[in-house]
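Q: All residue numbers for the sequence shown refer to our numbering, where the first residue is 100 and numbers rise by one. Where is the CB? At the ideal position from N, CA and C, for every residue including glycine. Treat the numbers as computed from the prediction; the structure is a model and nothing was measured.
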Amino acid sequence: MKNPCFRMGTNLENHARTGSNNHDYAFWTQPAMTHTSRGRAFENHRNRVRAKMDQAAEHRQEAAALESRAQSLRQTPRVKGDAEREYQALRIERDNTISVGSPVLRHGWAVGKGYVVKVNKKSYTTEWEDGSTHAVDKIYVQYDPSRQPREASKPYPFKKVMWWPLFHLAITAPSATFCASIETASATAIGANTRMTGTLTRPHATLLTLS
């Protein structure tokens, strides 16, 4: 099967030979004597030439589209490769100044400030001021000289706080005080009951004790 571009070029050459009457105004404007055989033959010939010219215009558009696509396919790998090499060089440059704990600025599709918590191959995992932690490509991150670096193990003051021990202490401290009061009251009542009956029973203390 022949190349479409080769076939298209051959068709355009054929149309160029048949379209030699493009600038012959007499050929296109003179009336055809359709009441005679010669006139009808001339009219049919002119219609065939017009149809071939229309077809040639369509082929030219198709050839231009194929040429544009071929040009794009030839250039895309080179352009993509050049861009990737530039990005990689920029990542290496970023690694020379940015490490774990470095203050950084994010630019591009979003902006923000944060601290790097992990250095990946092509990105930095960063804690941002909005409380989120996610990775951003190194080409969109730059060092922030207006802030001091942070220690790698030091978290944000509003994150990674162990709230559960404080909550547990707040709940259990009043409960322990209340239970001690119940035990004291129960012991007093049981002592009085013992003096009266001579027996020791603690059903109420067992029911009122809170765990």
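If contact is defined by three or more beta carbon pairs under 8 Å, each pair taking one atom from either stretch, is the region 198 to 214 in contact with the region 224 to 243?
A: The answer is yes - the region 198 to 214 touches the region 224 to 243, with three or more Cβ pairs under 8 Å.
Q: For R193, is the classification buried or exposed, using 16 other Cβ atoms within 10 angstroms of its Cβ as the cut-off for buried?
A: Buried.
Q: Return the residue from the list F141, Y124, Y223 that minimises the CA-CA distance to M132.
A: Checked all of F141, Y124, Y223; the closest Cα to M132 is F141.
Q: Distance check for R159 and N143, CA to CA, integer angstroms please.
A: Approximately 24 Å between the Cα atoms of the pair.
Q: Please report the straight-line C-alpha distance between V216 and N195, rounded to a whole angstrom.
A: Taking the straight line joining both Cα atoms gives about 16 Å.
Q: Just verifying my parser: in three-state terms, what is the DSSP assignment at K258?
A: Low per-residue confidence applies at K258: pLDDT is 49, beneath 50, and the placement is therefore not dependable, though the value from the model is reported in the following sentence. In the structure shown, K258 sits in coil (DSSP, three-state: anything other than H, G, I, E or B).
Q: In this structure, does DSSP put D181 in helix, strand or coil?
A: Residue state, collapsed to three classes: helix.
Q: Check whether the Cβ of A131 sits closer than 7 Å to any heavy atom of the ligand NAD, and report yes or no.
A: Questions concerning the ligand NAD fall outside what the structure shown contains, since it holds no ligand whatsoever.
Q: Taking the C-alpha atoms as reference points, what is the distance between V235 and K151?
A: Taking the straight line from one Cα to the other gives about 58 Å.
Q: Checking the sheet assignment: what are the DSSP bridge partners for H233?
A: T225, per the DSSP bridge assignment.
Q: Return the Cβ separation of I197 and Y223 in integer angstroms, given the expectation that the two are a contact with Cβ distance under 8 Å.
A: The pair is a contact, with the Cβ atoms about 7 Å apart (cut-off 8 Å).
Q: Should R184 and K221 be called a contact, given that it needs their Cβ atoms to be closer than 8 Å?
A: For R184 and K221, no; Cβs fall outside 8 Å.
Q: Quick one: what does DSSP say G138 is sitting in, helix, strand or coil?
A: Helix.
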